[in-house]
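Residue numbering for the sequence shown follows this note's numbering, beginning at 31 and increasing consecutively. For glycine and all other residues, C-beta sits at the position ideal for the given N, C-alpha and C. As the structure is a computational prediction, the values presented were derived from the model and not from experiment. Here the structure comes first, spelled out in structure tokens, and everything after it is commentary.
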Amino acid sequence: MNIRASARPADALDSNWSIVAAGALMTCVAIGVLFSLAVFLEPMSAATGWSRAGISSAMTLAFLSMGVAGFGWGALSDRYGPRVVVLAGTVLLGLSTVLASRASTLLQFQLFYGVMMGIAAGSFFAPVIATTASWFDKHRSLAVSLVSAGMGVAPMTISPLAAWLVTHYDWRMAQLIIGIGAWVVLLPAVWLVRAAPGASPAAAGGAAQAPEMKVGEALRSRAFLVLGITFFACCAAHSGPIFHTVSYAIGCGLPTFAAVTIYSMEGAAGLGGRLLFGVLADRLGAKRVLVAGLLIQAFAAASYLLVNQLGGFYAVAIVFGLAYGGVMPLYAVLARDYFGTRILGTVLGAASMLSSVGMALGPVLGGWLFDRYGSYAWMYIGSMAVGLGAVLIALTFPRTDHAGKQPRLQPAG
């Protein structure tokens, strides 16, 4: 049963900023807990004797699990509402961390921290982003970008906490505290998440919107194929440079600590990009801003080949982070424009599954290219090529009739 409030004026929709705050908090904690594994890698390996490759594989499992589970969570959110989904995800997030802290074998850790935590983390992105997009009309891009910004600040919050804890306790106690802390912080926020009322009147004079399609029709439509393939190509283009740039910078002669700060610079710029692109998308349209951002991302990725000093790396990192961080929330805005609110969670979950595959491919292919050619040059060139492909695909999005009204979508073929 899908519980929905009665329709209310558009102004009432745009007043629900509490869900933006709750969504930003949830994405920050969920992604922060997941990515804190990098902090635990060395002390875990030293304490248990488990290989670093084995421990790190939990992150790969988490990405794959998160992508697949996101589709299911999105469908459940459409059917039962977002609150029950994020409640289940919050319980699983804390439980997976607690169980991982008690793991006695590497396989147990991989299952708890990788598979189970990935499933938990997948419950937040599609349902929360879809619900936020459903609540806002006038400031939709900004609201979705602010929720997405939670992921941008995650490395600046949970990871430092994990680093502090692991210096005062062993890794098991540190993870146990983080798991319990996730429950304490997120469970109250769950009650701020609620389904949006029925679709509001269109912005232009309250015109009736086109009937919303069924899930099968949506996933076969040209709009979804363009959305999903663009999302996949976008993530495949930036995931390799994100993962390998630190190693590339070290190869250029930079000290390890200085090289790591390049990654931090990308993350900080990505946070600003989410906010900037969100405001611009509300003013200029999400499709225009997405295409421009993808174009900047493509050329910025290749620009890493032109620098070998820290200042140059910082300059490229700012532009690259601004672009890849800024475009990420816009896929949800476009999905809301094309598919409405009734099946938005399912559509976003399916698109996120494709993007997760793209994120998983970049690091693997970048490593293979380096092993094959002894250089990262082909990885950056390949990232630019895939990024430009994403631009070309995005240009084929169907037109919307006008702001606030869904287009008449046709099957892909």
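Same chain, Cβ closer than 6 Å to residue i, neighbours up to 5 away in sequence not counted
i	result
Gly419	Ala263
Trp213	Gly124
Val115	Trp103, Leu106, Ser107, Ser153, Pro157
Phe101	Gly379, Ala380, Met383
Ala237	At Ala237, the pLDDT of 37 sits below 50, so the modelled position is not reliable and the matter cannot be decided from this model.
Lys317	Phe427
Gly258	Ala381, Leu384
Tyr143	Ala88, Ala130
Distance between residue j and residue i (C-alpha atoms, nearest Å)
i	j	result
Gly308	Leu172	4 Å
Thr120	Arg429	38 Å
Ala219	Val319	31 Å
Arg109	Glu247	17 Å
Ser153	His268	23 Å
Ala151	Met96	6 Å
Ala92	Ala99	10 Å
Phe343	Arg113	42 Å
Ile326	Gly370	29 Å
Trp194	Ser178	26 Å
Leu117	Ser189	23 Å
Ile272	Arg304	17 Å
Asp312	Leu136	47 Å
Gly281	Gly396	15 Å
Ala54	His274	27 Å
Where residue i falls: helix, strand or coil (DSSP)
i	result
Ser95	helix
His169	coil
Tyr199	coil
Tyr406	coil
Lys317	helix
Pro271	helix
Arg224	coil
Leu284	coil
Arg429	coil
Thr187	coil
Trp47	coil
Cutoff 7 Å; reference residue i; Cβ partners in own chain excluding five residues on either side
i	result
Ala184	Cys58, Ile61, Gly62, Phe65
Leu284	Leu340
Ala11	No answer is possible for residue 11: it lies beyond the span of the chain, which begins at 31 and ends at 443.
Ala163	Arg170, Val174, Ala362, Val363, Arg366, Leu374
| Whole alpha helix (DSSP H) elements within the region 336-379, 4-residue minimum | 340-357, 360-369
| said: Which runs of the alpha helix (DSSP H) at least 4 residues long sit entirely within the region 65-149? Give them in chain order. | reply: Listed in chain order, they are 67-78, 82-110, 112-131, 136-139.
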